[in-house]
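First comes the structure, then the notes that go with it.
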Amino acid sequence: MSDIELNKRQETILQIVKENGPITGENIADQLHLTRATLRPDLAILTMSGYLEARPRVGYFYTGKTGNQLLSDKLKKLQVKEFQSIPVVVNENVSVYDAIVTMFLEDVGTLFVVDKDSILVGVLSRKDLLRASIGKQELASIPVNIIMTRMPNITVCRNEDFIMDVAKSLIEKQIDALPIIRDTDKGFEVTGRITKTNMTKILMRLAENDII
Numbered sequence: 001m002s003d004i005e006l007n008k009r010q011e012t013i014l015q016i017v018k019e020n021g022p023i024t025g026e027n028i029a030d031q032l033h034l035t036r037a038t039l040r041p042d043l044a045i046l047t048m049s050g051y052l053e054a055r056p057r058v059g060y061f062y063t064g065k066t067g068n069q070l071l072s073d074k075l076k077k078l079q080v081k082e083f084q085s086i087p088v089v090v091n092e093n094v095s096v097y098d099a100i101v102t103m104f105l106e107d108v109g110t111l112f113v114v115d116k117d118s119i120l121v122g123v124l125s126r127k128d129l130l131r132a133s134i135g136k137q138e139l140a141s142i143p144v145n146i147i148m149t150r151m152p153n154i155t156v157c158r159n160e161d162f163i164m165d166v167a168k169s170l171i172e173k174q175i176d177a178l179p180i181i182r183d184t185d186k187g188f189e190v191t192g193r194i195t196k197t198n199m200t201k202i203l204m205r206l207a208e209n210d211i212i
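Anchor point for the sequence shown: position 93 equals 93 in full-length UniProt numbering, and the numbering is continuous, going up by one each time.
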C-alpha cells in the first residue's frame with residue numbers, strides 16, 4: 001500500500017508538531033501566519049488519519065507512524081458490519097439444478113442453505129455443485145442437503161468481528177465467502193455475507209484513502 005498523500009501545508013504542520021510537540025493549534029497557526037479556523041480542517045485530517053494525537057488542554061502530539069503503518073492500523077480496526085453484502089440463500093429442499101441456476105443468475109460463488117425457519121444448515125460452493133454435476137445423476141431430483149457442507153463444519157462470522165480475522169479464515173479454509181450470522185434461540189440466522197471480493201474492495205478504498 002502506498003503512503004497517504006499529504007499536501008504541503010499538512011507536511012509543514014507535521015514538521016512543526018514533530019519539533020515542538022505538544023503544541024496547541026493556536027501556536028501552530030501563529031507559526032504558519034494563519035488563523036485557527038483556516039488550520040482546523042488540516043488538523044482534523046491529520047488527527048483522524050492517525051498522524052497526530054490531540055489531547056484537551058495540552059495540544060497536538062506526533063504519533064511517529066508512517067503512512068503504511070497508519071493504513072495497517074486502519075485495516076486492523078475495520079469490522080464486518082461496515083462492508084457486508086446481501087446473502088444469497090436457498091432452502092435445503094431445493095434441487096441441485098435449481099441451486100446451480102440461482103448461483104448463475106446471482107453471479108455468486110457461494111450459496112447459504114437454510115431450513116424452514118430460515119436458520120443456517122449448510123453452505124454450497126461452486127466445487128460442491130460441480131462435483132454433483134459430474135456423472136449421469138438427475139440434478140433436478142437431488143436436494144442440495146445431500147451435497148452441502150453441514151453444520152458444525154461451517155465457518156461463520158458476526159457483525160462485530162474484525163475484517164482481518166475474517167480474511168485469515170478465508171485464506172486458511174480456502175473458501176470464497178463466510179455467512180454473517182445472528183444468534184437466535186433456534187440457531188444461526190444469516191444476515192449477510194463477506195467475500196474475497198469484499199476484501200479486494202476494502203483494499204482499493206484504503207489505497208484511495210476513502211476509509212478514515
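Virtual Cβ for every residue (Gly too), placed ideally from N, Cα, C.
Sorted by chain position, which residues of the same chain lie with C-beta nearer than 6 Å to residue i's C-beta, five sequence neighbours on each side aside?
i    : result
P87  : F112, V190, G192, R193
A54  : T47, Y60
R126 : G109
E92  : V113, D115, V121, N145
K8   : none
R131 : none
Sort the options by Cα distance to residue i and report the nearest one.
i           : options                : result
L39         : A29, L46, T47          : A29
T200        : I181, I163, P179, D185 : I163
P56         : L78, V89, P22, H33     : P22
D176        : K65, S49, N198         : N198
L139        : S95, E11, F83          : S95
V101        : K116, K77, S133, Y51   : S133
A90         : N7, Y62, L78, V123     : Position check: residue 90 holds Val in this sequence, whereas Ala was assumed. Among N7, Y62, L78, V123, the Cα nearest to that of V90 belongs to V123.
residue 213 : T63, V166, L34         : The first residue shown for the chain is 1 and the last is 212, placing residue 213 beyond what the model contains.
K173        : Y51, T195, D185        : T195
A99         : M148, I45, L6, G135    : M148
Assign residue i to buried or exposed, taking buried as 16 or more other Cβ atoms, counted over all protein chains shown, within 10 Å of its Cβ.
i           : result
K170        : It should be pointed out that residue 170 corresponds to Leu in this sequence rather than to Lys. With 16 or more Cβ atoms within 10 Å of its Cβ, L170 is classed as buried.
V17         : buried
K74         : buried
D3          : Per-residue confidence for D3 stands at a pLDDT of 49, beneath the threshold of 50, marking its modelled position as unreliable; no derived number is given.
residue 293 : A query on residue 293 cannot be resolved here, the shown segment of the chain reaching from 1 to 212 and no further.
L105        : exposed
T49         : A small correction: the amino acid at residue 49 is Ser; Thr does not occupy that position in the sequence shown. By the neighbour-count rule (16 or more Cβ atoms within 10 Å), S49 is buried.
M204        : exposed
Leaving out five residues on either side along the sequence, give the residues of the same chain with a beta carbon under 8 Å from the beta carbon of residue i.
i    : result
G25  : R36, L39, R40, L43, G59, Y60
N27  : N20, G59
P143 : E92, N93, V94, S95, V96
S141 : S95
If residue i sits next to residue j, beta carbons under 8 Å apart, how far is it from one beta carbon to the other, in whole angstroms?
i           : j    : result
R150        : V121 : 7 Å
L129        : V156 : Actually they are not in contact, since the Cβ atoms of L129 and V156 sit about 21 Å apart, beyond 8 Å.
residue 219 : V80  : The structure shown has nothing for residue 219, since the chain only spans 1 to 212.
V12         : L32  : According to the sequence shown, residue 12 is Thr rather than Val. Right, their Cβ atoms sit about 7 Å apart.
I154        : L78  : With a Cβ gap of about 23 Å, I154 and L78 do not count as contacting.
Among residues of its own chain, excluding the 5 on either side of residue i, which ones have a beta-carbon nearer than 7 Å to its beta-carbon?
i    : result
I181 : L120, V156, R158, F188, E189, V190, T191
If we require 3 or more residues per run, which beta strand (DSSP E) segments fall completely within the UniProt domain "CBS" (148 to 211)? Here the runs fully enclosed are 177 to 183, 188 to 195.
What are the uninterrupted segments assigned as alpha helix (DSSP H) that are 4 or more residues long and contained completely in the region 90 to 122, given in chain order? Qualifying alpha helix (DSSP H) stretches, in chain order: 96 to 106.
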